[in-house]
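J.:
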Amino acid sequence: KAGVTQTPRYLIKTRGQQVTLSCSPISGHRSVSWYQQTPGQGLQFLFEYFSETQRNKGNFPGRFSGRQFSNSRSEMNVSTLELGDSALYLCASQGQGYEQYFGPGTRLTVT
Amino acid sequence: AQSVTQPDIHITVSEGASLELRCNYSYGATPYLFWYVQSPGQGLQLLLKYFSGDTLVQGIKGFEAEFKRSQSSFNLRKPSVHWSDAAEYFCAVSVAYGNNNDMRFGAGTRLTVKP
Chain Z
1 KAGVTQTPRY LIKTRGQQVT LSCSPISGHR SVSWYQQTPG QGLQFLFEYF SETQRNKGNF
61 PGRFSGRQFS NSRSEMNVST LELGDSALYL CASQGQGYEQ YFGPGTRLTV T
Chain Y
1001 AQSVTQPDIH ITVSEGASLE LRCNYSYGAT PYLFWYVQSP GQGLQLLLKY FSGDTLVQGI
1061 KGFEAEFKRS QSSFNLRKPS VHWSDAAEYF CAVSVAYGNN NDMRFGAGTR LTVKP
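Quick mapping for you: the protein sequence lines, in order, are chains Z and Y. Numbering of the first sequence is given in my numbering, commencing with residue 1 and proceeding in unit increments. Numbering of the second sequence is given in my numbering, commencing with residue 1001 and proceeding in unit increments.
(1) With distances taken Cα to Cα, identify the nearest neighbour of Gln96 (chain Z) among Z:Ser31, Z:Val19, Z:Cys23 and Z:Ile12.
(2) Any residues in the region 95–108 of chain Z with a beta carbon nearer than 9 Å to a beta carbon of chain Y? Which ones, in chain order?
(3) Compute the Euclidean distance between the alpha carbons of Val1057 (chain Y) and Asn1075 (chain Y), then round it to the nearest angstrom.
(4) In angstroms with no decimal places, state the Cα-to-Cα distance between Gly3 (chain Z) and Glu1088 (chain Y).
(5) Excluding the 5 residues flanking Asn1024 (chain Y) on each side, which residues of the same chain have their C-beta closer than 6 Å to its C-beta?
(6) Write down the C-beta distance between Met76 (chain Z) and Phe60 (chain Z) rounded to the nearest angstrom, noting that I regard them as a contact closer than 8 Å.
(7) Count the other CB atoms within 10 Å of the CB of Gln6 (chain Z); is the residue buried (16 or more) or exposed (fewer)?
(8) Anything in chain Y within Cβ reach of Leu90 (chain Z), meaning under 8 Å, just list it in chain order.
(9) Is there a Cβ of chain Y sitting closer than 7 Å to that of Leu81 (chain Z), yes or no?
(10) Applying the criterion that 16 or more other CB atoms from any shown protein chain within 10 Å of the CB defines a buried residue, is Lys1114 (chain Y) buried or exposed?
(11) Run through chain Z and tell me which residues come within less than 8 Å of Gly1108 (chain Y), C-beta to C-beta.
Here it is as structure tokens:
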């Protein structure tokens, strides 16, 4: 099976802009989780989608949002970008088991 | 509060030496336990997992981990480290409730391998 794919891999935006990141889970996986990884804060959970519904949410401001489509692909959106949003954004998919499988990430740089 | 602790931020070992990375958790029930490895700029790769049964689990790349309930620990070990093992290692725990699972990650341990 193909792994989790994320696009784009790298992105440079300026403050105030918005950005949309995409994640395609492993075929058959219905759960997609998003994480933000920074050197200072480590891995932080953003939200999880299952069957097009947000099932869990981390402690991030409303500028961070997501959605999931009927084919389980997911997007996350960050509006009004701030310098502190610069990070590696990781997507993980989960099947019937409890382990998560991660994509390579999208490196977002906000200038 | 639920938490995952990796006490060692950075560990340096010589190539060929043995390795043990520590992980402790604080949960009300026995969670599902995982170790992941991350190379620079990459995503996380699952090394091994523990759900139940034999407390010594084998993973990929020659890694193993032992679950010790009495110590709330799930330490990762490798008998002989290779230079390619240099990476960041994350312990993760997950507690399932209904159809949901709450996965938490430790802060990570960066492994440097000396020639």
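All C-beta atoms, glycine included, are put in the ideal place defined by N, C-alpha and C. This one's a predicted model, so the numbers in the text were calculated from it and none came from an experiment.
T.: This is what the structure gives:
(1) Z:Ser31
(2) Gly97, Tyr98, Glu99, Gln100, Tyr101, Phe102, Gly103, Pro104, Gly105 and Arg107
(3) 11 Å
(4) 21 Å
(5) Thr1005, Ser1072 and Ser1073
(6) Rounded, the Cβ-Cβ distance is 10 Å, inconsistent with contact.
(7) buried
(8) Gly1043 and Leu1044
(9) no
(10) exposed
(11) Gly42 and Leu43
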